[in-house]
Every structure is written in structure tokens, then in C-alpha cells.
Amino acid sequence: MSKQSVTVIGLGAMGKTLAKTFVRNGHPTTVWNRTPGKVVEGATHAPTAAEAVSASEVVVVCVLDDKAAREVLDPVDLTGKAVVNLTNGTPAHAREFARGDYLDGGIMAVPQMIGTPEVIVLYSGSQKVFDNYQDTLNALGRSKFVGDDPGLAALYDLALLSAMYGQFAGAQHALAMVGANKGDFVESLLIPWLTSTMFAIPTLGQSDPQSPDDMQAVAIANIIQASEDLGLGQPGHLR
Ligand code: FVH
Numbered sequence: 032m033s034k035q036s037v038t039v040i041g042l043g044a045m046g047k048t049l050a051k052t053f054v055r056n057g058h059p060t061t062v063w064n065r066t067p068g069k070v071v072e073g074a075t076h077a078p079t080a081a082e083a084v085s086a087s088e089v090v091v092v093c094v095l096d097d098k099a100a101r102e103v104l105d106p107v108d109l110t111g112k113a114v115v116n117l118t119n120g121t122p123a124h125a126r127e128f129a130r131g132d133y134l135d136g137g138i139m140a141v142p143q144m145i146g147t148p149e150v151i152v153l154y155s156g157s158q159k160v161f162d163n164y165q166d167t168l169n170a171l172g173r174s175k176f177v178g179d180d181p182g183l184a185a186l187y188d189l190a191l192l193s194a195m196y197g198q199f200a201g202a203q204h205a206l207a208m209v210g211a212n213k214g215d216f217v218e219s220l221l222i223p224w225l226t227s228t229m230f231a232i233p234t235l236g237q238s239d240p241q242s243p244d245d246m247q248a249v250a251i252a253n254i255i256q257a258s259e260d261l262g263l264g265q266p267g268h269l270r
């Protein structure tokens with residue numbers, strides 16, 4: 032069976048990897064980038080965004096931000112095209128942008144992970160577009176449709192990123208506290224510790240007699256005091 036044709040708009044670090052992955056999976060792939068000169072071997076390079084859009088049944092957009100996506104797509108006739116916008120944006124951006132056969136998405140991965148089973152790509156908007164193109168989109172990683180509100184994928188994407196940045200801020204502060212005494216702290220303690228604490232996430236916000244709030248408040252006060260003693264100031268993530 033012949034593979035669905037795909038257009039990729041935007042050949043930054045992520046867009047280029049998406050295009051290469053579609054080519055590797057046997058999809059006739061057309062690409063366009065604002066600044067010429069970015070090459071994806073095996074893809075057709077269209078001279079204009081309009082020509083790139085007209086070349087394929089599904090158009091995957093992956094540019095810097097919502098403003099860039101609008102600048103590219105607003106002047107283009109999208110009639111009869113399925114648009115899958117994988118540009119990071121807010122739920123409001125996605126709802127404003129949604130038109131016709133539209134799926135908004137959030138890629139929960141960095142480019143070097145694309146095409147592996149560790150990748151989750153969130154989608155929301157048109158169930159029909161998701162059903163029609165799921166097999167094609169599965170080349171990028173695991174596809175998860177989260178609902179027909181086009182803003183939902185962006186909401187979940189940003190919520191997951193918020194959790195990640197919070198965890199990174201805590202880890203960075205931990206490394207600053209340990210400083211030169213690090214040894215194998217990261218591999219043998221920090222990563223196993225963070226992994227073992229994940230079980231608590233579903234009950235966050237509920238009081239737990241095994242870990243009472245008063246006891247936790249003392250530990251947090253001690254972290255703040257120890258950080259100040261080390262000259263690190265108050266840890267931002269505990270404010
Ligand atoms: N790279 C990553 O780790 C993350 C992982 C999760 C998802 N993101 C999101 O993917 C979008 C694209 O990110 P990217 O990594 O490809 O970003 P850059 O390498 O900086 O490339 C940006 C592309 O956007 C084009 N562009 C920028 N402004 C405009 C515009 N006004 N009109 C048309 N295209 C525009 C830019 O083109 P050029 O500068 O080469 O001409 C690049 O193709 C992003 O939403 C991430 O949050 C990636």
C-alpha cells in the first residue's frame with residue numbers, strides 16, 4: 032500500500048528531524064523552510080509555503096512559535112488539507128488557530144528521540160484527522176489523542192513541561208548544595224531518589240499520616256537554612 036504524502040513546514044532542529052523520519056519511513060515528503068538552504072535528503076524542497084502545502088494531503092507545521100505559524104499559513108489556501116500543528120503554543124493559540132481539518136499537537140521529546148518508543152506526541156482537535164493520519168504520525172513516536180478541544184494538547188504539553196522544569200530547578204539546587212562533594216551523587220542517589228518518589232504524585236495535596244505536613248515543614252525549613260548557610264540563598268522552587 033502506498034504511504035500517505037506529508038509536507039513539513041519548518042526545518043529547525045525539530046522540523047528537520049520530523050521530515051527525515053517521514054522520509055525514512057517511506058512517506059513522499061515535501062519540505063519548506065523560511066530561510067533556504069536547509070536540506071533534507073530524500074525530500075522534495077518546495078520554493079514556497081503554498082507549493083509545499085499543495086503537494087501533500089497532510090501538512091505538519093513545526094516552527095518557532097504561534098506567530099511564525101500564522102505568518103506562514105494565514106496567506107495559504109488550506110482547503111482540503113489536514114493541518115497538524117506541532118508548534119509549541121498556548122491552549123488559546125490553538126483554539127484561535129483551529130480551522131477546517133485541524134489537529135494541534137505537543138511533542139514530548141527532544142529531536143534525537145524522534146522515532147523511538149520513548150516519544151509521546153499529544154494531539155487534540157479533529158478526531159477524523161487523527162484517525163486518518165494516525166499510522167503516518169506514529170512514525171514520530173507514540174501518538175496520544177487527548178480530546179476534541181484543540182487547546183487540550185497544548186494544555187497537557189505545557190503542564191508536563193511545567194512539572195519537568197520544577198523538577199529540574201530542584202535538581203539544580205540539589206547539585207549546588209552538594210557542590211564539589213558530588214562524587215557519584217547524581218547516578219547513585221539523585222536519579223534513583225527522584226524516580227522512587229514518583230509514587231506520591233497521584234495523592235499530592237492530600238494529607239498523609241505517614242508524612243504529616245508539620246514534619247515536612249520542618250524539613251523544608253532545614254533545606255532553606257542549610258542553603259543560606261552555604262551562601263546559596265533561598266531555593267526558588269521552595270518559595
Ligand atoms: N527542539 C526541541 O528540543 C523541542 C522539543 C519539543 C518541541 N519543540 C517545539 O518545536 C518547535 C520548533 O522547534 P525547533 O527545535 O525546530 O526550533 P528551531 O531550531 O529554533 O527552529 C525554528 C524554526 O522556525 C522557523 N521560523 C521562525 N520564525 C519564523 C517565521 N516568522 N516564519 C517562518 N518560519 C519561522 C525557523 O525558520 P528559519 O529561521 O530557519 O528561517 C526554523 O525553521 C517549537 O515550537 C518548539 O517549542 C522543540
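Read in order, the letters of the sequence shown are residues 32 to 270 in my numbering. Glycine residues also receive a C-beta, built at the ideal position from the N, C-alpha and C atoms.
For the pair Ala125 and Ala50, the CB atoms are not nearer than the 8 Å cut-off.
Its chain contains Ser155, Val177 as the residues whose beta carbon lies nearer than 6 Å to that of Leu183, once the 5 sequence neighbours on both sides are disregarded; these appear in chain order. The DSSP-derived three-state label of Ile138 is strand. Going by DSSP, Phe176 is part of the beta strand (DSSP E) stretching over 173-176. In this chain, Ala129 is not harboured by any alpha helix (DSSP H), its DSSP state being neither H nor E. Under the Cβ criterion (8 Å, minimum of three pairs), the segment 114-122 does not count as touching the segment 140-151. Val71 counts as buried, since at least 16 other C-beta atoms from the protein chains shown sit within 10 angstroms of its C-beta. Residue pairing by DSSP places Ser155 opposite Asp135 in a beta bridge.
Of the heavy atoms belonging to the ligand FVH, at least one sits nearer than 7 Å to the Cβ of Leu95.
Residue Leu171 holds the alpha-carbon nearest to the alpha-carbon of Glu149 among Ala207, Ser227, Val90, Leu171. Distance between Ala113 and Pro59, taken at the CA atoms: about 16 Å.
Residue side-chain check: Pro142 places its Cβ nearer than 7 Å to a non-hydrogen atom of the ligand FVH. Gly131 has its alpha-carbon roughly 22 Å from the corresponding atom of Asn169.
When distances are taken from the beta-carbon of Ala99 to the heavy atoms of the ligand FVH, the shortest one is below 7 Å.
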